[in-house]
Amino acid sequence: MAGWRETPWGRRELPGGRICRRLLFSTCRITAAGYWVAFALLALTASQAVAASPNEATTSREARNEAASAIPYGELTEDAQRRIAAVIDKPSAYRRLPIETIECDPSLYIFLIRNPEVVVNIWDLMGVTDLSIQRTGPFTFASSDGV
336 MAGWRETPWG
346 RRELPGGRIC
356 RRLLFSTCRI
366 TAAGYWVAFA
376 LLALTASQAV
386 AASPNEATTS
396 REARNEAASA
406 IPYGELTEDA
416 QRRIAAVIDK
426 PSAYRRLPIE
436 TIECDPSLYI
446 FLIRNPEVVV
456 NIWDLMGVTD
466 LSIQRTGPFT
476 FASSDGV
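The sequence shown runs 336 to 482 under the working numbering.
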């Protein structure tokens, strides 16, 4: 069209820098619709982000489902998959605690992970738990929460 020029951002301008009014209004309508779409997407992702935030404790169903989906079933034996599924299908309680990072000796950390009864016994000596735990096999335990 004679007299029009394209701007680097795709607008048409008349000589002297005036933007075509019809194009401006259609751009505004598109922009307004874009804002509504962006707002709706933001609201949806914000609710998911709150549910998935690892920095806050939660008992939400979304967090529980997220934890269950993080289990690497493909790396487990069929027996282990079946046993884990039995626990996940009927949880008595679920609570995701916030992620906390502390300085720890790696060998102590591995020891405590492999021997949770030591941690529970420390809690018992401190008087902060009614939980009891007994090792029943190399990787199995029997426990009672005192209820």
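Yeah, the Cβ is synthetic: ideal placement off N, Cα and C, and Gly gets one too. All values reported here derive from a predicted model rather than from experimental measurement.
Reduced DSSP secondary structure (H/G/I, E/B, other) of residue i
{"i": "S479", "result": "strand"}
{"i": "G472", "result": "strand"}
{"i": "S467", "result": "strand"}
{"i": "R431", "result": "strand"}
{"i": "F360", "result": "Low confidence applies to F360: its pLDDT is 44, below 50, so where it sits in the model is not reliable enough to give any reading."}
Beta-carbon gap between residue i and residue j smaller than 8 Å
{"i": "P433", "j": "N400", "result": "no"}
{"i": "I419", "j": "I437", "result": "no"}
{"i": "L447", "j": "W458", "result": "no"}
{"i": "I468", "j": "V455", "result": "yes"}
Inter-residue CB distance, residue i and residue j (contact presumed, cutoff 8 Å)
{"i": "E452", "j": "F476", "result": "7 Å"}
Residue burial classification, residue i (beta-carbon count within 10 angstroms, cutoff 16)
{"i": "T393", "result": "buried"}
At least 3 beta-carbon pairs within less than 8 Å: the stretch 391–410 vs the stretch 424–432: Yes, since at least three Cβ pairs between the stretch 391–410 and the stretch 424–432 fall closer than 8 Å, the two stretches touch.
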